[in-house]
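Remarks on the structure that follows.
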Amino acid sequence: NIPTGTRKVNLTSWHHDKGQANLSNMTFSDGKLIVNQDGFYYLYANICFRHHETSGNLTKRGLQLMVYMTKTNLKIRRSEVLMKGGSTKYWSGNSEFHFYSVNIGGFLKLKTGDMISIQVSNPLLLDSSQEATYFGAFKVRDLD
Amino acid sequence: NIPTGTRKVNLTSWHHDKGQANLSNMTFSDGKLIVNQDGFYYLYANICFRHHETSGNLTKRGLQLMVYMTKTNLKIRRSEVLMKGGSTKYWSGNSEFHFYSVNIGGFLKLKTGDMISIQVSNPLLLDSSQEATYFGAFKVRDLD
Amino acid sequence: NIPTGTRKVNLTSWHHDKGQANLSNMTFSDGKLIVNQDGFYYLYANICFRHHETSGNLTKRGLQLMVYMTKTNLKIRRSEVLMKGGSTKYWSGNSEFHFYSVNIGGFLKLKTGDMISIQVSNPLLLDSSQEATYFGAFKVRDLD
Amino acid sequence: PEFALPQVLGSALSLQSTLPCESEQHYEYSGRCCKKCEPGKYMSAKCTETSDSVCQPCGPNEYMDVWNEEDKCLLHKICDQGKALKEVNPGNSTFQRQCACTTGYHWNEDCDCCQRNTICAPGFGIGHPVQQDKDTRCMPCPRGYFSEVASSTDECKSWTNNMLMVLSFLHLTGTNKILYVLI
Amino acid sequence: PEFALPQVLGSALSLQSTLPCESEQHYEYSGRCCKKCEPGKYMSAKCTETSDSVCQPCGPNEYMDVWNEEDKCLLHKICDQGKALKEVNPGNSTFQRQCACTTGYHWNEDCDCCQRNTICAPGFGIGHPVQQDKDTRCMPCPRGYFSEVASSTDECKSWTNNMLMVLSFLHLTGTNKILYVLI
Numbered sequence: 011n012i013p014t015g016t017r018k019v020n021l022t023s024w025h026h027d028k029g030q031a032n033l034s035n036m037t038f039s040d041g042k043l044i045v046n047q048d049g050f051y052y053l054y055a056n057i058c059f060r061h062h063e064t065s066g067n068l069t070k071r072g073l074q075l076m077v078y079m080t081k082t083n084l085k086i087r088r089s090e091v092l093m094k095g096g097s098t099k100y101w102s103g104n105s106e107f108h109f110y111s112v113n114i115g116g117f118l119k120l121k122t123g124d125m126i127s128i129q130v131s132n133p134l135l136l137d138s139s140q141e142a143t144y145f146g147a148f149k150v151r152d153l154d
Numbered sequence: 011n012i013p014t015g016t017r018k019v020n021l022t023s024w025h026h027d028k029g030q031a032n033l034s035n036m037t038f039s040d041g042k043l044i045v046n047q048d049g050f051y052y053l054y055a056n057i058c059f060r061h062h063e064t065s066g067n068l069t070k071r072g073l074q075l076m077v078y079m080t081k082t083n084l085k086i087r088r089s090e091v092l093m094k095g096g097s098t099k100y101w102s103g104n105s106e107f108h109f110y111s112v113n114i115g116g117f118l119k120l121k122t123g124d125m126i127s128i129q130v131s132n133p134l135l136l137d138s139s140q141e142a143t144y145f146g147a148f149k150v151r152d153l154d
Numbered sequence: 011n012i013p014t015g016t017r018k019v020n021l022t023s024w025h026h027d028k029g030q031a032n033l034s035n036m037t038f039s040d041g042k043l044i045v046n047q048d049g050f051y052y053l054y055a056n057i058c059f060r061h062h063e064t065s066g067n068l069t070k071r072g073l074q075l076m077v078y079m080t081k082t083n084l085k086i087r088r089s090e091v092l093m094k095g096g097s098t099k100y101w102s103g104n105s106e107f108h109f110y111s112v113n114i115g116g117f118l119k120l121k122t123g124d125m126i127s128i129q130v131s132n133p134l135l136l137d138s139s140q141e142a143t144y145f146g147a148f149k150v151r152d153l154d
Numbered sequence: 009p010e011f012a013l014p015q016v017l018g019s020a021l022s023l024q025s026t027l028p029c030e031s032e033q034h035y036e037y038s039g040r041c042c043k044k045c046e047p048g049k050y051m052s053a054k055c056t057e058t059s060d061s062v063c064q065p066c067g068p069n070e071y072m073d074v075w076n077e078e079d080k081c082l083l084h085k086i087c088d089q090g091k092a093l094k095e096v097n098p099g100n101s102t103f104q105r106q107c108a109c110t111t112g113y114h115w116n117e118d119c120d121c122c123q124r125n126t127i128c129a130p131g132f133g134i135g136h137p138v139q140q141d142k143d144t145r146c147m148p149c150p151r152g153y154f155s156e157v158a159s160s161t162d163e164c165k166s167w168t169n170n171m172l173m174v175l176s177f178l179h180l181t182g183t184n185k186i187l188y189v190l191i
Numbered sequence: 009p010e011f012a013l014p015q016v017l018g019s020a021l022s023l024q025s026t027l028p029c030e031s032e033q034h035y036e037y038s039g040r041c042c043k044k045c046e047p048g049k050y051m052s053a054k055c056t057e058t059s060d061s062v063c064q065p066c067g068p069n070e071y072m073d074v075w076n077e078e079d080k081c082l083l084h085k086i087c088d089q090g091k092a093l094k095e096v097n098p099g100n101s102t103f104q105r106q107c108a109c110t111t112g113y114h115w116n117e118d119c120d121c122c123q124r125n126t127i128c129a130p131g132f133g134i135g136h137p138v139q140q141d142k143d144t145r146c147m148p149c150p151r152g153y154f155s156e157v158a159s160s161t162d163e164c165k166s167w168t169n170n171m172l173m174v175l176s177f178l179h180l181t182g183t184n185k186i187l188y189v190l191i
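Chains as they are written, first to last, in the working numbering: chain L, 11 to 154; chain F, 11 to 154; chain Y, 11 to 154; chain D, 9 to 191; chain A, 9 to 191.
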């Protein structure tokens with residue numbers, strides 16, 4: 011069975027230049043978006059989870075399908091969850107396919123060197139197509 | 011009964027100038043937003059589904075309530091799903107009202123002539139009030 | 011038991027300058043964001059609901075976990091729901107923890123003096139940590 | 009400030025007491041006191057030093073129920089049958105459309121939906137007046153009345169007219185025992 | 009660059025080897041080597057050619073536990089009773105607040121929630137030491153011990169003190185059959 015309680019996992023294998031992925035004025039390394047310019051940014055993520063009965067039964071316990079966007083600030087060696095979203099789910103056996111998507115977004119102050127990364131629960135259930143699971147950031151304006 | 015698996019339907023009848031709807035620097039025709047200027051845009055959609063027992067029973071099978079945002083590029087006569095979101099749902103008969111909303115959003119490169127449209131599953135379950143179901147785009151900056 | 015049908019409540023106690031909260035070029039008073047400059051703004055909110063069995067049983071009826079973003083226009087003494095999102099939920103007793111997040115966002119025209127506020131159903135179930143429940147707005151550009 | 013503070017009643021003389029422009033039907037703009045647009049219209053152009061405000065009628069499915077400076081009318085809401093709502097007043101360009109829940113349901117502000125009316129248990133009947141779109145009020149049947157059903161629409165029935173019913177009931181079944189009930 | 013590359017050990021002579029400014033308590037800014045703000049404070053203004061960094065104390069419900077150049081303190085987390093959390097250390101301006109799950113539950117990193125402790129089946133008892141906020145560890149009862157209940161708190165009981173219990177049990181019920189058990 012697919013373990014429901016798999017540990018919260020850091021997602022590192024993102025496309026950053028293929029398909030709809032784009033990167034400019036930010037650096038991408040080891041699954042993290044690194045800020046090059048202080049400013050106010052709009053950060054967002056969309057994560058889709060799915061399960062098909064052909065992948066085996068889910069354990070009877072409920073699932074908690076979650077996404078966390080984390081900021082790592084090397085100067086104070088601190089990681090902080092910026093935003094989170096998700097839902098507990100009861101994906102019973104009698105339906106052949108289950109699907110759930112969560113979207114988070116917010117306008118936040120970022121400094122040069124800040125690193126943005128995504129963690130999810132139950133990575134085995136991820137729908138990793140590019141239109142389903144993605145995250146990003148764009149600078150809206152300078153700091154005051 | 012309301013068929014659960016109704017085909018994915020293209021939504022065309024949007025208000026573009028009444029109530030909260032607005033249109034500037036983009037063209038709206040036949041339910042599609044047409045891009046007039048190359049650039050990086052933030053695209054978003056919010057879709058609400060609802061069912062009241064007075065509208066009849068839903069079939070026992072689960073529902074899959076989905077939204078898809080599609081880009082059509084006439085030059086290469088190609089349509090591509092940019093973003094998707096939604097959830098499988100088990101709306102049982104014993105509750106008089108069911109409701110579910112899905113939100114998707116993302117920062118994408120668009121070119122003049124690109125056409126953005128929205129498809130949903132189960133259109134009969136749409137809550138079409140303006141604060142419930144809407145979509146849009148705004149240009150954030152020029153291409154590099 | 012936690013009453014499911016608690017009245018829609020206006021959320022007023024937001025941090026506006028602590029932690030990740032920020033405020034510039036807008037005024038915050040009595041839980042409302044007040045617009046100081048006409049323009050097109052992107053408005054967003056993320057609300058998390060949670061229930062742990064140690065807080066007592068939820069009544070058997072379903073829950074409807076909703077967020078509403080409202081604009082109050084003093085000139086015409088009118089309040090209007092700009093955006094809404096949420097889901098009906100059936101949080102049964104046999105699981106120790108339930109969680110659900112909803113995200114809404116949209117690009118809207120706002121005028122000086124417009125006041126933006128958030129209402130939710132079931133405020134007792136709110137997860138009030140800063141990464142879970144927040145709302146905001148940023149100006150994208152001037153009116154045409 | 010966007011709008012001037014209302015004059016305090018009985019305020020003492022002020023040197024240059026100009027009548028306040030800002031009122032229900034007027035607004036101050038480019039140094040002039042101009043007329044707002046009447047209900048049913050929106051302001052397509054504000055006044056200038058040389059021209060008055062320009063007002064246009066609301067389009068179909070729109071309304072504006074106050075004097076205003078808005079650049080657009082408000083959109084009528086939808087009486088969504090899919091939410092068990094029906095239209096009770098279509099509204100017009102100066103009056104907002106009104107919806108109500110179909111019979112047996114009432115609008116619940118909390119869930120923004122039509123919720124089933126409360127079912128009155130046996131021994132209770134619905135209270136009067138029955139208001140559309142409001143939940144049933146169950147009242148215990150007073151002396152001389154009864155209700156033997158659980159219902160969200162039935163009132164308490166008085167014993168008297170039920171005596172006949174009981175008799176007819178008996179008659180129907182052919183047994184001639186008469187129920188003696190202490191009134 | 010924001011921070012200078014650490015000098016490679018044993019690097020050869022470099023022409024102008026100035027001591028690196030960037031350290032736990034210092035930062036380089038406008039050509040000077042300035043002092044960071046101590047734990048419990050944030051930096052309301054960076055140093056300039058002529059003035060030092062300006063540090064302000066964290067406000068209520070805030071903390072900063074390192075030397076820093078941050079323009080704001082961090083917000084203490086909430087020990088949310090609604091998630092079965094309780095405060096084990098309120099924290100202060102230099103130390104983050106600590107929460108833990110109420111008894112019978114343990115923090116599960118995966119769901120970010122307090123999960124019920126595992127219940128040890130009969131024949132198993134809880135392992136020691138029992139750690140707050142950690143799941144029960146169920147250990148099979150070794151020879152001479154037993155557990156006849158499913159519990160997340162009970163240890164294996166040794167036969168000896170239970171023999172009396174069995175006897176008393178028999179005594180109670182009056183039958184005098186003695187259980188001979190091979191130890």
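Glycine is no exception: its CB is placed at the ideal position from the N, C-alpha and C atoms.
Excluding sequence positions up to five before and after residue 74/A, its CB lies within less than 7 Å of the CB of 47, all in the same chain and listed in chain order. Taking 8 Å as the upper bound for CB-CB distance, residue 163/A and residue 131/A are not in contact here, some 13 Å apart.
Beta-bridge pairing by DSSP links residue 116/D to 121/D. By the neighbour-count criterion, in which 16 or more other beta carbons inside 10 Å mark a residue as buried, residue 55/D falls on the buried side. At a cut-off of 8 Å between C-beta atoms, residue 117/L does not count as an interface residue with respect to chain F. Of all residues in the region 42-69 of chain L, the ones placed with a Cβ closer than 8 Å to any Cβ belonging to chain F are 52, 54, 56, 58, in chain order. Residue 136/A counts as exposed, since fewer than 16 other C-beta atoms from the protein chains shown sit within 10 angstroms of its C-beta. In the DSSP assignment, residue 158/D forms no beta bridge with any residue. Neighbourhood of residue 92/Y in chain F, by CB distance below 7 Å: 30, 141, in chain order. Judged by beta-carbon spacing, residue 105/Y lies within the 8 Å limit of residue 98/L, meaning their Cβ atoms are closer than that value.
C-alpha of residue 116/A to C-alpha of residue 110/Y: approximately 17 Å in a straight line. Taking C-beta atoms under 8 Å as the contact rule, residue 77/Y and residue 114/Y qualify, at a distance of about 6 Å.
In the DSSP assignment, residue 108/L falls within the beta strand (DSSP E) that extends over 107-120. In the structure shown, residue 72/F adopts coil according to DSSP, grouped into three states.
With contacts defined by Cβ atoms closer than 8 Å, residue 32/A and residue 50/A do not form a contacting pair. Contact note: residue 17/Y reaches chain D through 117, 118, using a C-beta cutoff of 8 Å and chain order.
Excluding its 5 nearest sequence neighbours in each direction, residue 168/A has no C-beta neighbour in its own chain below 6 Å. Looking only at 28/F, 142/F, 135/F, the smallest Cα-Cα distance to residue 101/F is reached by 135/F. Using a C-beta cut-off of 8 Å, the region 117-125 of chain Y makes contact with the region 41-61 of chain Y, since at least three inter-stretch Cβ pairs fall below that distance.
Neighbours of residue 86/L across chain A, judged by C-beta separation under 7 Å: 74, 76, 78. Looking at the DSSP output, residue 127/A sits in no beta bridge, so it has no partner there.
Contacts with chain L (Cβ-Cβ distance below 7 Å) from the region 97-129 of chain F involve 97, 98, 112, 113, 114, 115, 116, 117, 118, 119, listed in chain order.
The beta carbon of residue 154/Y sits closer than 8 Å to some beta carbon of chain F. For residue 152/A, the closest C-alpha among the options 42/A, 166/A, 139/A is that of 166/A.
Contacts with chain F at 8 Å (Cβ-Cβ) include residue 122/D. Of the residues assessed, residue 57/F falls on the buried side of the cut-off, its CB having 16 or more other CB atoms within 10 angstroms. Assignment of residue 111/A by DSSP, reduced to helix, strand and coil, places it in the coil class. Only residues of its own chain outside the window of five on either side were considered, and among them 50 have a CB closer than 6 Å to the CB of residue 151/L, listed in chain order. Checking the DSSP bridge columns, you'll see residue 61/Y partnered with 108/Y. Listed by position along chain D, the residues whose Cβ is nearer than 9 Å to that of residue 131/Y are 118, 119, 120.
Taking the beta carbon of residue 137/F as reference, the chain D residues within 8 Å of it are 88, 90, 91, listed in sequence order. One alpha carbon belongs to residue 155/D, the other to residue 147/D, and they sit about 11 Å apart.
Contact between residue 61/A and residue 85/A is absent: CB atoms are separated by about 27 Å, not below the 8 Å threshold.
Residue 21/L is bridged by DSSP to 128/L. CA-CA distance, residue 140/L to residue 95/F, rounds to 12 Å. At a cut-off of 8 Å between beta-carbon atoms, residue 94/D makes no contact with chain F.
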